[in-house]
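Report on the following structure.
Chains as they are written, first to last, in the working numbering: chain A, 18 to 381; chain B, 652 to 1445.
What follows is the structure, given as structure tokens:
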């Protein structure tokens, strides 16, 4: 691990929470799988938070159902690979980083999935200068993070697995089923040692993704990270993120924010869940994902609008444009969904007159 | 346990572990009598439990004779400890008795409490104190926050070893319950009056069994009651307590078939259980419980086209077992199993998991009862109604004409409608030859089929009276209905059969289905039926405000969804849509009739706005890009009829459509839509006729051949008189645009001035015919108030 200085914009999880990890390791008496820094129980409490017998407070890293974390940790302990699914803003990457940090003490063995991720990023590449000078040898081989994780018995991470082209995805099959990475050029292989495992994250509702082949899918246990369970939880997340973003964008603090955030989150949740908050009316769901991340951007957008072009108060009209943009992704079908929602739900809701007018104005 | 001749087996109702433990304990005890917590009236029919036609889950159903709606259910599944004990006793020809307070007292107690409002409040307080769940307290003492899980671990998942003492768990549980029920002196009692009475009654029954000479008495009862039954107070004290019981209500009891789904609901014997299917599996599977369960789940998922391999099953079992170890449980419970199924077999999807949950965890098992079972209360209720309504069940068919304004006939109609809902087709509605006009008259063909008696038994699962059962069945049908039209029909049935209890569920299903239905055409078809039902409900005096709300919601959705749905239709589609447009227009008119017309943003306004939108959506490039002319013309006409457009505006629209820029076929369609359902308009407004005439003479020869069939169809649908007059006017030569307000233009054949006096003389009669007050001068458009805003500003 590299030594980190305070100037680093963002610290790795294992550095930022080194004290907590050390405290947990010191007091962890349960059996540990080979090459795990902590026992599965300790990993779960590292993610979920709590207080240790000696009084050390472990901050919760993941706020959500306990079940999710338990299944995830158990999966890694059974040597099956773990696939974290979820829409943007459900803390997939965050959970995978902390799992790797707690289990291997190293969250840096990372392959970032993009449409251009080559096979070398998953298997190995060559140092061509070495290759030409000395011929094929281990020294000329450039191992991928996955290969290093196999050799060291650590956790490898693959981000956005579904963005990776299908043929590159499938090179993971051998690694996950045979636990070995053949190097035919050298007539050898790298076998995974105990402790190796893989965490992949993917977004299943996005467009432009490559579905996993069923052969690869079979190698994973899937855990779907849910969206925040309650309105208050989600409002809280949005408020906190909007605060942070607003500060970094130097937006002034505006009045009326809390109310509009609640409204944006309510609209998003109702359309996403297909049912109104009071549970009495069903509504159609649009094609968009309406993730928490989008709600955050709608609110920040509205704040910028209100600050620069409005009267300095965040109003219904400032967020309505953003909501419309997030909801109506398909110009025909979503338009109907949105107008039905506006006419059927928004129109009759107490205290939403201003929002109704703004929405009517827009969808004309 | 206090007496060595009495062994108390404390259990939790419905638990596979408890059931196994009871079986083992009974084997060891070899009792000479088995006493079971359950309504004492059931003793005479207890022997039916070993009948080979009896298949659990079944339930004991007790009901008050004079009021079948006061009923109680005691369900038994194959894994209920009570059921195991009953079968054990009967198989060895031992006396088996139910020793709980008879249901008759229970009904009387409930009635007594309902009468005394003050006491009811006290009773409620007592109930609240009782709401303390003994198992939750024990679990807390064991350091577990999840009581259900703790109980499963320590009791239900145990498979007793061969050499273990089968009585030990009962002793331990009795001890724990005793500790729980110990109260410091002076503290408020833990039990309510009802519990005290029940326990006193049970003690008396145990004493009676002892007096009868039984020496090895096994008592199967809720664990909570064990301390009260082991510490026997004096018989005199119990007698004194029981003397305070109210008079028995006359009660009957029988077995009815039950389902696992119903077991999962909150009924009768304490709380419902969440996972009857899982418990059944635990009870019926001796070895490899988890692996067999996963295999069943995999089979189920495969049958539903989820690719699940044997490798998946192996991994799921491994994950469930590791999860259990991680959570510190002795074996994998339902929570671990479902987590593993979700993660491995279902690819994390909750949709697929819901299937497993519904089919396996709850299960679909349906019980059966032997034919020798006493009649169900539903049959009794039917007989009572047949007698009071003077309708004899006869096999030969006969006609019955009902006048719904008479109370007896109205009740008869209700009964027949309700029976029909229950699948008992005693009456078939017919069109009477005598007089079928008016909504207050119904004709029925009556014919009783003996097979209906069986249907009555089947219907018993939905309720104990005809009304309850019909309502129950409608609720179930509503939950299953796939089509919007099925639901609107059900709603109609609810109104004619007057089932207000079922209406909310149907309305909910209807609103939900309508919300998710993306086909505006289907919505448009459902609305008129709903509005009809509303009108019908008015005749019968049924409260239909909920229906009104749903109908309005539906109309709102149509207003939003219809314009896009009309885009790019071919000729056939446009024709079908036109019929719907007319039907919806009429329905909206009916809906708005009662409402205050002055409301600024009423439904009629929104509908008019939708029609305006429709009329404006002209095709910009080819017919697929806009609404067909037929529908646009129709929309303009409907707006004109409602006075939401004036004739000058309509003329302008017509001129635009008929101008050379638009396609002649589209224009002809527009004319058809505009003129259908009455062409007198052309006579009243010579400008329109002139426009039409100009256009027609200007159309080129080839195009004329194209549009001729359309125009012919349009004009052949006009009234004969109108057609003739239009013809003669066109023949008479050029139109003058002067005097557009006059009834007859200069081109008319007869241009005599009106005699106002003679016309006025007829007015009162016309007004009377139309049902208007004679004072109203504007009798021409009575129902459609003019709106200040035209609606096109939205």
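Ideal Cβ positions, reconstructed from N, Cα and C, are used throughout, including at glycine.
Residue i to residue j, Cα distance in whole Å?
{"i": "residue 863 (chain B)", "j": "residue 1150 (chain B)", "result": "51 Å"}
{"i": "residue 250 (chain A)", "j": "residue 244 (chain A)", "result": "10 Å"}
{"i": "residue 993 (chain B)", "j": "residue 171 (chain A)", "result": "26 Å"}
{"i": "residue 628 (chain B)", "j": "residue 720 (chain B)", "result": "No answer is possible for residue 628 (chain B): the residues shown for chain B start at 652 and end at 1445."}
{"i": "residue 857 (chain B)", "j": "residue 799 (chain B)", "result": "31 Å"}
{"i": "residue 1217 (chain B)", "j": "residue 362 (chain A)", "result": "24 Å"}
{"i": "residue 1238 (chain B)", "j": "residue 1297 (chain B)", "result": "23 Å"}
{"i": "residue 112 (chain A)", "j": "residue 1253 (chain B)", "result": "51 Å"}
{"i": "residue 696 (chain B)", "j": "residue 828 (chain B)", "result": "32 Å"}
{"i": "residue 1310 (chain B)", "j": "residue 1319 (chain B)", "result": "12 Å"}
{"i": "residue 1220 (chain B)", "j": "residue 1197 (chain B)", "result": "35 Å"}
{"i": "residue 1378 (chain B)", "j": "residue 1078 (chain B)", "result": "55 Å"}
{"i": "residue 898 (chain B)", "j": "residue 755 (chain B)", "result": "9 Å"}
{"i": "residue 989 (chain B)", "j": "residue 1013 (chain B)", "result": "13 Å"}
{"i": "residue 1076 (chain B)", "j": "residue 1201 (chain B)", "result": "30 Å"}
{"i": "residue 319 (chain A)", "j": "residue 269 (chain A)", "result": "12 Å"}
{"i": "residue 31 (chain A)", "j": "residue 877 (chain B)", "result": "56 Å"}
{"i": "residue 1146 (chain B)", "j": "residue 339 (chain A)", "result": "45 Å"}
Which whole-angstrom value is the C-beta distance of residue i and residue j, which I expect to be below 8 Å?
{"i": "residue 733 (chain B)", "j": "residue 724 (chain B)", "result": "That pair is no contact at about 14 Å."}
{"i": "residue 975 (chain B)", "j": "residue 911 (chain B)", "result": "That belief does not hold up - the Cβ atoms of residue 975 (chain B) and residue 911 (chain B) are roughly 25 Å apart, past 8 Å."}
{"i": "residue 735 (chain B)", "j": "residue 670 (chain B)", "result": "5 Å"}
{"i": "residue 330 (chain A)", "j": "residue 273 (chain A)", "result": "5 Å"}
{"i": "residue 1124 (chain B)", "j": "residue 1110 (chain B)", "result": "7 Å"}
{"i": "residue 908 (chain B)", "j": "residue 1027 (chain B)", "result": "Going by Cβ atoms, the distance from residue 908 (chain B) to residue 1027 (chain B) rounds to 10 Å, so no, they are not a contact pair."}
{"i": "residue 713 (chain B)", "j": "residue 700 (chain B)", "result": "Their Cβ separation, rounded to whole angstroms, is 16 Å, which puts residue 713 (chain B) and residue 700 (chain B) out of contact at 8 Å."}
Are there 16 or more other CB atoms within 10 angstroms of the CB of residue i, so buried, or fewer, so exposed?
{"i": "residue 129 (chain A)", "result": "exposed"}
{"i": "residue 850 (chain B)", "result": "buried"}
{"i": "residue 667 (chain B)", "result": "buried"}
{"i": "residue 145 (chain A)", "result": "exposed"}
{"i": "residue 81 (chain A)", "result": "buried"}
{"i": "residue 1008 (chain B)", "result": "buried"}
{"i": "residue 995 (chain B)", "result": "buried"}
{"i": "residue 964 (chain B)", "result": "buried"}
{"i": "residue 1045 (chain B)", "result": "exposed"}
{"i": "residue 246 (chain A)", "result": "exposed"}
{"i": "residue 239 (chain A)", "result": "buried"}
{"i": "residue 1422 (chain B)", "result": "exposed"}
{"i": "residue 1420 (chain B)", "result": "exposed"}
{"i": "residue 1093 (chain B)", "result": "buried"}
{"i": "residue 36 (chain A)", "result": "exposed"}
Find the residues of chain B that neighbour residue i, judging by a C-beta separation of less than 7 Å, and give them in chain order.
{"i": "residue 218 (chain A)", "result": "Within 7 Å Cβ-Cβ: nothing; residue 218 (chain A) doesn't reach chain B, min ~12 Å."}
{"i": "residue 94 (chain A)", "result": "973"}
{"i": "residue 211 (chain A)", "result": "By Cβ distance, chain B contributes nothing, its closest Cβ being about 16 Å from residue 211 (chain A), past 7 Å."}
I'd like to know if residue i contacts chain C, where contact means its C-beta is closer than 9 Å to some C-beta of that chain.
{"i": "residue 966 (chain B)", "result": "Absent from the structure is chain C; the protein chains it does hold are A and B."}
Against residue i, what residues of chain B qualify as contacts under a CB-to-CB distance less than 8 Å, listed in chain order?
{"i": "residue 240 (chain A)", "result": "994, 999"}
{"i": "residue 300 (chain A)", "result": "1166"}
{"i": "residue 135 (chain A)", "result": "Going along chain B, no residue has its Cβ under 8 Å from residue 135 (chain A), so there is no contact; the nearest lies around 27 Å."}
{"i": "residue 58 (chain A)", "result": "977"}
Going along chain A, which residues have a C-beta under 8 Å from residue i?
{"i": "residue 1212 (chain B)", "result": "353, 357"}
Interface residues of chain A around residue i at Cβ under 7 Å?
{"i": "residue 1215 (chain B)", "result": "349, 353"}
Chain A partners of residue i, CB-CB under 9 Å?
{"i": "residue 1198 (chain B)", "result": "Result: empty, since nearest Cβ-Cβ is about 16 Å, beyond 9 Å."}
{"i": "residue 1204 (chain B)", "result": "298, 361"}
{"i": "residue 963 (chain B)", "result": "235"}
Alpha helix (DSSP H) runs wholly inside the region 136-177 of chain A, at least 4 long, in chain order: If only complete runs of 4 or more residues are kept, the region 136-177 of chain A shows the alpha helix (DSSP H) at 136-139, 145-151, 162-169, in order along the chain.
Segments of 4+ residues assigned as alpha helix (DSSP H) that fall wholly inside the region 1033-1114 of chain B: Taking only runs of at least 4 residues, the alpha helix (DSSP H) segments lying wholly in the region 1033-1114 of chain B are 1058-1072, 1103-1110.
Inside the region 684-722 of chain B only - alpha helix (DSSP H) runs reaching at least 4 residues: If we require 4 residues or more, the region 684-722 of chain B turns out to have no alpha helix (DSSP H) run fully inside it.
Minimum length 4: unbroken alpha helix (DSSP H) runs contained in the region 81-135 of chain A: Counting only runs of 4 or more, we get 83-94, 109-121.
Ordered list of alpha helix (DSSP H) runs contained in the region 24-61 of chain A, each at least 4 residues: Here the runs fully enclosed are 30-33, 35-44.
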